[in-house]
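*Asks:*
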Amino acid sequence: MLNKEIEKVKNEELKTTFTTKLILMKATLDTQSQISALTQQQKNAEEEAKKALEKAKADTTKAVEQAIGDDKILLGYSDDQIEYARVWLTLIGVKPSELNAKTITAGTSLNPYDKRSVTYPTDAIMLYGGYSAEGQIVYTSNRNGTINVYPVPSHWQIGPEVANDPEKVRALTQDILDNVRVVTVDVGNPRDVLDLIKIQK
C-alpha cells in the first residue's frame, strides 16, 4: 500500500516535472520564433532602407547630370545671344517666329521719326519679333542679372497737337526716360533659351 502511494507521488512529480519542461520548451520555442520574426523584420527594414537610399542616390545623380547637361547646351553661344533670349523669355514669354536684336547708339532720338525728342543716354538694345504683333523690347543691361526697360511704344501715334509742339514732343519722350524700370532677368530653362538662340537673326 505504501509502495503504491510512493509510486503515485513519484508519478505525480514526474508528470509535474514533464509538464513544466513542456511549458518551458514551448516558451523557449515561442521566444525563438519571435526573435526569428523580429530578426527577419529588421532584415526586411534594412533592405528597404538600402533600396530607398540607392534610389535617392540614383535620382540625385540623374538630376545633377540633367542640370549639367542643360548647362552645357549653352556652351559656345555668346553672352549677348543668351541674354537676348533670356530677356525675351522674361518679358514676353511667347516664342516669336524670329528674334531680332539691334543696337541703338547713345544720342539716338527715342522717337526715331522726330529729331526733337530726347535721346538715349547710353547704348540700348532693341529686341523684336518677325512682325510687330510679336512684340518689342528696348533695354540696357546692367550686367548683373538686371536690365533697365524703356517703355518705348512699337508704334508712334502722335496727334498734330503734339507733333506741332516741340515742347510736347520733348515732354512725351522725357516721360519714357522717367519711367524706365529695373527688371530682374530670369535665367530660364536652358532648352527654352536655346530655342530662342536658334531663331536669332
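So in my numbering, the last one in the sequence shown is 489, and the numbering has no gaps at all.
Even glycine gets a Cβ: it sits at the ideal position worked out from N, Cα and C.
#1: Counting C-beta neighbours from all protein chains within 10 Å, is the total for residue 363 16 or more, i.e. buried, or is it exposed?
#2: What is the rounded straight-line gap between the Cα of residue 388 and the Cα of residue 371?
#3: Use the C-beta contact count for residue 461: other C-beta atoms within 10 angstroms, 16 or more gives buried, fewer gives exposed.
#4: Given a cut-off of 7 Å, decide if residue 414 and residue 406 are closer than it, judged by their beta-carbon atoms.
#5: Could you tell me the boundaries of the beta strand (DSSP E) in which residue 389 lies?
#6: Check each candidate in 480, 324, 445, 470 and name the one with the smallest Cα separation from residue 402.
#7: At the level of alpha carbons, what is the spacing between residue 336 and residue 324?
#8: Can you give me the start and stop residues for the beta strand (DSSP E) that residue 438 sits inside?
#9: Are residue 377 and residue 476 close, meaning C-beta to C-beta below 7 Å?
#10: Report the rounded CA-to-CA distance for residue 352 versus residue 342, giving the unit in angstroms.
#11: Can you name the residues that DSSP bridges to residue 413?
#12: Quick one: is residue 484 buried, meaning 16 or more other Cβ sit within 10 Å of its Cβ, or exposed?
#13: With a threshold of 16 other CB atoms inside 10 Å of the CB of residue 399, please say whether the residue is buried or exposed.
#14: Thinking residue 397 and residue 424 are a contact (beta carbons under 8 Å), I'd like their distance in whole angstroms, please.
#15: Applying the criterion that 16 or more other CB atoms from any shown protein chain within 10 Å of the CB defines a buried residue, is residue 374 buried or exposed?
#16: With a threshold of 6 Å, establish whether the CB of residue 427 neighbours any heavy atom of the ligand GTP.
#17: Between which two residues does the beta strand (DSSP E) harbouring residue 374 extend?
#18: Which residues share a DSSP beta bridge with residue 420?
#19: Could you tell me whether the Cβ atoms of residue 428 and residue 410 are closer together than 7 Å?
*Replies:* By the coordinates alone:
#1: Classification for residue 363: exposed.
#2: Rounded to whole angstroms, residue 388 to residue 371 spans 13 Å at the Cα level.
#3: Buried is the call here.
#4: With contacts defined as CB atoms closer than 7 Å, residue 406 and residue 414 fail to qualify as a contacting pair.
#5: Residue 389 -> beta strand (DSSP E) spans 388-392.
#6: For the set 480, 324, 445, 470, the Cα lying nearest the Cα of residue 402 is the one of 445.
#7: Just so you know, the alpha carbons of residue 336 and residue 324 end up roughly 18 Å apart.
#8: Residues 434-438.
#9: In this structure, the beta-carbon distance from residue 377 to residue 476 falls below 7 Å.
#10: For residue 352, the pLDDT reaches just 45, beneath the cut-off of 50, and the residue's location in the model is therefore unreliable, although a value from the coordinates is still provided. Cα to Cα, the separation comes out at about 15 Å.
#11: In DSSP, residue 413 forms a bridge with 391, 427.
#12: With 16 or more other Cβ atoms from the protein chains shown falling within 10 Å of its own Cβ, residue 484 counts as buried.
#13: Taking all protein chains in view, the Cβ of residue 399 is crowded by 16 or more other Cβ atoms within 10 Å, so the residue is classified as buried.
#14: Wrong, their Cβ atoms sit about 16 Å apart, outside the cutoff.
#15: By the 10 Å Cβ count, residue 374 comes out buried.
#16: With respect to the ligand GTP, the structure offers nothing, as it holds no ligand at all.
#17: Per DSSP, residue 374 belongs to no beta strand (DSSP E); it is in the alpha helix (DSSP H), 367-379.
#18: Answer is none; residue 420 lacks a bridge partner.
#19: Yes. Within cutoff.
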